[in-house]
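Line by line, the protein sequences are chains P and E.
Heads up: the first sequence at position 86 corresponds to 364 in my numbering, and the numbers run straight through without jumps.
Heads up: the second sequence at position 69 corresponds to 347 in my numbering, and the numbers run straight through without jumps.
C-beta atoms are modelled at their ideal positions from N, C-alpha and C, and glycine is treated no differently.
Bear in mind the structure is a predicted one, so any value in this text is a computation, not a measurement.
Below you'll find the structure, written out as structure tokens, and then a few comments.
Protein chains: 2
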Amino acid sequence: MATAPASHPTTDRPTGDDPRDRILAAAGREFAERGFEAATVRDICLAAGVNVAAVNYYFGEKRRLYIESVKHAHRERERQVPEPRWEPGTPPERKLRDFVGNLLERMLGFGQPDWQVRLMLRELLHPTEACRELVEDYIRPHFDGLVSILRELSADSLDAPRLRRVALSVVGQCFLYRAAGDVVGMLVPASERESHHAPARLADHVTSFTLAALGAGPPLGGAWSRGPGEGAGSDGSEDGAP
Amino acid sequence: MATAPASHPTTDRPTGDDPRDRILAAAGREFAERGFEAATVRDICLAAGVNVAAVNYYFGEKRRLYIESVKHAHRERERQVPEPRWEPGTPPERKLRDFVGNLLERMLGFGQPDWQVRLMLRELLHPTEACRELVEDYIRPHFDGLVSILRELSADSLDAPRLRRVALSVVGQCFLYRAAGDVVGMLVPASERESHHAPARLADHVTSFTLAALGAGPPLGGAWSRGPGEGAGSDGSEDGAP
DNA sequence: GATTGTTTCAAACACGCGTTTGATGCGATC
DNA sequence: GATCGCATCAAACGCGTGTTTGAAACAATC
């Protein structure tokens, strides 16, 4: 069932002459495209332009090469899309927009090849031993940053669990476009996809959706006059007791 | 690197005596757990209690068995968790809560084994030839149902593309818990996970978050936030038939 | 009981996999 | 120039895979 290697040998061969790096790059692409089991050491070495034995010479075994290539992809992506920094006094609405924009850019950005993200995605969806490291070093700091932005936005009116759930709502909205992008593409007309599914456009949507949910921005739908006692056509049976 | 089969031979052997069905069930579990490449015909047959040659006798080849087991899982899940029906006049807030509850119950529900969902998830994340069928027959109708609920909720003040993006925000919030559940589990303390990540609790959160964003419910961070009491009887007693 | 067609089985087959091996090339060091 | 250590290579080694085979077990029909 094996076909040609996933990478394009003519363009992919890195100019760097370090065989170790060439193997890491080729392995990342192959693992991202085919998964750990289906990717073969032979194809990786063919794409990297090295002998089959090189993998075991430099990495000992296939599993170790996989772990190293996940870490490598993570570092590369972090270098390519650095996280935003704000000077003191930046309004939290702006921070949220920047954060979401950065997250989506990192996940969907067309500027760079996306195999790094796809490789990391595989880890998140079906964790192996490389996953916990990835979460602790990479994801948790970002997640905590998001939570503190949301804490600012809600003016400390939400407790930590609630803030975490809101943060997961934000991440979930972005995550869908990356993880299930193919299915989203089938559900949405092509014209709309091109015009409104660019990272910046999606960031606008997710941000305003979240701000509205927190009461820190205008609601998306009908008129919602702030202040108790107004229902805007709602019959008042919101969420709690069904 | 192969370990023991994913299924539990003592409890999994179906009572039905049709070998074809036994193979389908065992194959679904193995493919869901390990993926197409890593799952082996031998393990599947061991779990199903049939000879190795049975797979080729009944299905011709491994690939065909995979496709058939995806379809089988889809049909089974649809039978187990039917979509909710409402009588005319049901308020859209209630419909949204039911829809989200049903979606989460279907994705996360602990009542049934979850291998069907995991198998379908694999298809969505890395589509093969079985995917398009799955989207058109199964996902699009549900998605359209959600869009029309949201249209009701927004009192026709949002155009179709905007409605679709809101719908994707709803689905994304739920999807994260299913697809990246392991990572979510690492980010959230265990106590909170147990108390607030049951399907019904998550449905409450996603629903109120969405209603607030649409202006059809009180914002989460503002004056409406209810006191520390909360907890008002939101057990899972009322989504679609479990 | 013989015959026919279907289902099950243990055994084998051919192939591709990850990994190992031992020889070879090559630059640095003495 | 001899020696050493590192890097590279073609070839092979086990092993597990999906698949095939040919015979045995079984059920139904004549």
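Please report the straight-line C-alpha distance between residue i and residue j, rounded to a whole angstrom.
i, j, result
"E/Ala458", "E/Met464", "10 Å"
"P/Glu371", "E/Gly499", "14 Å"
"P/Gly495", "P/Pro360", "27 Å"
"E/Asp299", "E/Leu403", "26 Å"
"E/Arg247", "E/Leu381", "Residue numbering for chain E in the displayed model covers 279 to 520; residue 247 of chain E lies beyond these limits and cannot be assessed."
"P/Phe337", "P/Cys409", "19 Å"
"E/Val425", "E/Ala445", "6 Å"
"E/Leu343", "E/Glu414", "21 Å"
"E/Ser447", "P/Thr406", "28 Å"
"E/Val348", "E/Asp376", "26 Å"
"E/Arg429", "E/His420", "14 Å"
"E/His350", "P/Val466", "27 Å"
"P/Asn329", "P/Glu401", "27 Å"
"E/Ile417", "E/Gly450", "14 Å"
"E/Val484", "P/Ala481", "19 Å"
"P/Pro439", "E/Asp295", "49 Å"
"E/Arg341", "E/Asp392", "22 Å"
"E/Pro362", "E/Val319", "38 Å"
"P/Lys373", "P/Ile427", "7 Å"
"P/Trp364", "P/Asp422", "16 Å"
"P/Ser345", "E/Arg479", "The identity of residue 345 of chain P in the sequence shown is Ile, whereas the question assumes Ser. Whole-angstrom Cα-Cα distance: 36 Å."
"E/Thr488", "P/Ser486", "12 Å"
"E/Val333", "E/Pro297", "10 Å"
"P/Glu339", "P/Gln358", "29 Å"
"P/Pro369", "E/Glu356", "47 Å"
"E/Asp460", "E/Ser469", "15 Å"
"P/Pro366", "P/Asp434", "18 Å"
Skipping 5 residues on each side, what residues in its chain have a beta carbon closer than 7 Å to that of residue i?
i, result
"E/Arg396", "Ala310"
"P/Pro497", "Ala490"
"E/Thr289", "Because the pLDDT at E/Thr289 is just 31, under 50, the model does not fix this residue reliably, and the point stays unresolved."
"P/Met279", "Interpretation of P/Met279 is limited by its pLDDT of 36, a score under 50 that renders its predicted location unreliable; the figure taken from the coordinates is listed afterwards. Closer than 7 Å at Cβ, skipping near neighbours: no residue."
"E/Gln274", "Lying outside 279 to 520, the shown extent of chain E, residue 274 of chain E is not represented and no answer is given."
Taking Cβ-Cβ distances shorter than 7 Å, what residues in chain P pair up with residue i?
i, result
"E/Leu251", "Residue 251 of chain E cannot be examined here, being either before or after the span of chain E that is shown, 279 to 520."
"E/Gly450", "Gly450, Gln451, Phe453, Leu454"
"E/Val348", "Near E/Val348 there are no residues of chain P at all, since even the closest Cβ is about 14 Å away, more than 7 Å."
"E/Pro439", "Glu470, His474"
Closer than 8 Å by beta-carbon distance: list the chain E residues that pair up with residue i, in chain order.
i, result
"P/Ala410", "The displayed chain sequence assigns Arg, not Ala, to residue 410 of chain P. Within 8 Å Cβ-Cβ: Met464."
"P/Ser432", "Leu498, Gly499"
"P/Gly379", "The contacting residues do not exist; P/Gly379 stays about 16 Å from chain E at best."
"P/Phe421", "Leu465"
Give me, in chain order, the residues of the same chain whose beta-carbon lies closer than 6 Å to that of residue i; leave out the 5 immediate sequence neighbours on both sides.
i, result
"E/Leu492", "Leu431, Ser432"
"P/Glu354", "Gln394"
How would you list, in chain order, the residues of chain E whose beta-carbon sits under 7 Å from the beta-carbon of residue i?
i, result
"P/Ala458", "Leu402, Leu403, Phe453"
Taking residue i as the query, report the chain E residues whose CB atoms sit under 9 Å from its CB, ordered along the chain.
i, result
"P/Ala481", "Under the 9 Å cutoff, chain E gives no residues; its nearest Cβ is about 12 Å from P/Ala481."
"P/Ser426", "Here the premise fails: no neighbours, minimum Cβ distance about 14 Å."
Output, in chain order, the set of chain P residues within a Cβ distance shorter than 8 Å of residue i.
i, result
"E/Val461", "Leu402, Pro405, Cys409, Val413, Ile417"
"E/Val444", "Phe487, Leu498"
Show which residues of chain P have a CB atom less than 9 Å away from the CB atom of residue i.
i, result
"E/Ala316", "Gly313, Phe314, Glu315, Ala316"
Can you list, in chain order, the residues of its chain whose CB lies under 8 Å from that of residue i, leaving out five sequence neighbours each side?
i, result
"E/Leu412", "Val348, His352, Met398, Glu401, Leu402"
"P/Leu436", "Leu428, Arg429, Val444"
"P/Tyr455", "Leu382, Met385, Leu386, Val462, His475, Leu480"
"P/Ile301", "Ile322, Cys323, Ala326, Val328, Ala332, Val333, Tyr336, Phe337, Leu343"
"E/Phe453", "Met385"
"P/Leu441", "Val425, Leu428, Arg429, Ser432"
Discussion item. Three or more C-beta pairs under 8 Å: does that hold for the segment 300-315 of chain P against the segment 307-325 of chain E?
Written reply: yes
Discussion item. Within 8 Å, do at least three Cβ pairs link the segment 371-388 of chain P to the segment 467-482 of chain P?
Written reply: yes
Practice prompt. Indicate whether the contact test is met: 3 or more Cβ pairs, each with one atom in the segment 321-330 of chain E and one in the segment 294-306 of chain E, closer than 8 Å.
Written response: yes
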